[in-house]
Amino acid sequence: MNLQLKPIHHRGQQPYQPSFRVNHSFISLLPNCHLLNGNRGFSIDGSVRPLGLLLNDRRRRRNGGGGGDGIGYRSIVASGIAGAPISDGSKPDKGFVSPPLSDILWPSAGAFAAMAMLGKMDQMLAPKGLSMTIAPLGAVCAILFAAPSSPAARKYNMFMAQIGCAAIGVLAFTLLGPGWLARSSALAASMAFMIYTGSTHPPAASLPLMFIDGAKMQHLNFWYALFPGAAGCVLLCFIQEIVVYLKEKFKF
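What follows is the structure in structure tokens.
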């Protein structure tokens, strides 16, 4: 909650110096903010008054009514009350409760099965110098199995970003060669691509860097846009469906 306090002086009148001093910090004023019948209010002397009443008092005094004594006065107006309380990012979310054992076991088992299958494929592809167990697919496993409802786990986001960012990495390497310029340009272009297409998928941002710095991937050329990133995601999506089914049907 943002609360900005500012004094209001009236033209032609000597400002009234209140008997209290508004020298409190913002935090010390927070306990004095209240909700009265859905309206914001605050207190200085312990009595709570809605902002609407304060404004009415102000109008009466300006018009000379309501027992005004003709002496200038200073009022406090809340000019910005909005926002949510600041949370401490070093602690778990308020109200966090550990999930049941099944919600921990099935995603973990899915990640084990995914890496085991990719490792078996590595053995089959080793004579050709190819590998399926790349680091971005480990991050994809964490998203698909642990947070399947997150935007990054959407199939559109995943495949669009995987294919597009991998192709950008190949293009940057072709035009700029290896080095810092190719890496930075490829990453910047990948970010722009994901934002423009609405397909934000964080693991895909590492694909261009892996191609530019990985000699064993560079011979794939533009086939890299489909393999191993997008091809590995097909397998991971299949395992994700099994994990989601097990989480729903077998709880303990």
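So the sequence shown is numbered by UniProt numbering: it starts at 1 and just counts up by one.
Cβ atoms here follow ideal geometry from the backbone N, Cα and C, with glycine treated the same way.
Since the structure is predicted, the reported quantities are computational estimates derived from the model, not experimental observations.
In the structure shown, the three-state DSSP call for Met132 is coil. Within a 10 Å sphere around the beta-carbon of Ser199 sit 16 or more other beta-carbons, which makes this residue buried. Secondary structure remark: continuous alpha helix (DSSP H) runs of at least 4 residues inside the UniProt domain "HPP transmembrane region" (99–246), in chain order: 101–125, 135–141, 155–176, 180–197, 207–213, 215–218. The residues Pro151, Ser199, Thr200, His201, in chain order, have a CB closer than 7 angstroms to that of Asn157 in the same chain once the five nearest residues on each side in sequence are set aside.
Taking the C-beta atoms as reference points, Leu220 is found nearer than 8 angstroms to Phe227.
With a cut-off of 8 angstroms on Cβ pairs, the stretch 123–138 is not in contact with the stretch 169–185, counting fewer than three such pairs. For Lys91, the three-state secondary structure derived from DSSP is coil.
With distances taken between CA atoms, Ala161 lies nearest to Ile195 out of Gln123, Leu181, Ile195. An exposed status is given to Pro127, since fewer than 16 other beta-carbon atoms sit within 10 Å of its beta-carbon.
Two segments are said to touch when three or more pairs of C-beta atoms, one from each, lie closer than 8 angstroms; by this definition the stretch 174–190 does not touch the stretch 139–146. Taking the Cα of Gln240 as reference, the smallest distance to any Cα among Gly89, Ser108, Phe96 is reached at Ser108. For Ser131, the closest C-alpha among the options Val243, Phe250, Lys216, Ile242 is that of Lys216. When only Cα atoms are considered, Pro99 and Phe193 end up about 36 angstroms apart.
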